[in-house]
Amino acid sequence: MAIDMVDIRQKFQEKQYKLTPQRRIILEAFVDHQDEHLSAEDVHTIVRQHSSEIGLATVYRTLELFSELDVLQKMDFGDGRSRYEINEKTTPHHHHHLICLSCSKVKEFEDDLLETLETVISRKSNFTIVDHQVKFYGYCEECQKKREISD
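Its first residue numbered 1, the sequence shown is counted upward by one per residue in the numbering used here.
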């Protein structure tokens with residue numbers, strides 16, 4: 001997924017924020033790691049390779065700002081750390097997440113199997129659903145193998 005820099009610049013200008021070099025570097029971390037769900041610590045580790053003067057506090061503030069501006073989507077997978085990914089405006093629903101209870105790996109699941117359920121809920125409750133999030137907790141293939149060996 002490509003990030004629309006024109007759209008991002010416009011969002012920053014509307015709120016009178018500047019797209020500083022540090023913010024660009026942090027944004028590039030998500031472009032370079034699109035298939036990952038990055039925590040502030042993950043981002044800090046990545047950006048320190050390019051710019052050692054960016055501190056963890058700057059990363060936290062920038063991630064919150066990007067989330068507030070809908071550039072990134074902030075997620076909670078129950079591991080005590082917020083994770084972020086590029087906000088996908090091109091699809092009406094976000095993908096679902098498979099979360100390993102052993103290694104904390106997060107895998108995306110693209111099929112939207114809840115369309116029919118949403119339609120039924122919407123009709124029965126006279127409620128307009130605009131989005132949903134589904135998280136499945138279990139054990140990834142690698143951790144399943146490790147569990148089999150130890151059993």
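A virtual CB, placed ideally from N, CA and C, is assigned to each residue, including glycine. Quantities reported herein were computed from a predicted structural model and do not represent experimental measurements.
Item                                                                                     : Value
For F77, the nearest candidate out of D70, A29, H96 (CA to CA)                           : H96
Proximity winner among S122, S104, K18, relative to T62 (alpha-carbon distances)         : K18
Proximity below 9 Å, CB of F109 to CB of F66                                             : no
Sheet register partners of K107 (DSSP bridge)                                            : L98
Closest residue to T128 among E115, G55, L72 (Cα-Cα distance)                            : E115
Cβ pair count under 8 Å reaching 3, the region 28 to 38 against the region 4 to 17       : no
Of the residues Q13, E148, Y139, the one placed nearest L69, counting alpha carbons only : Q13
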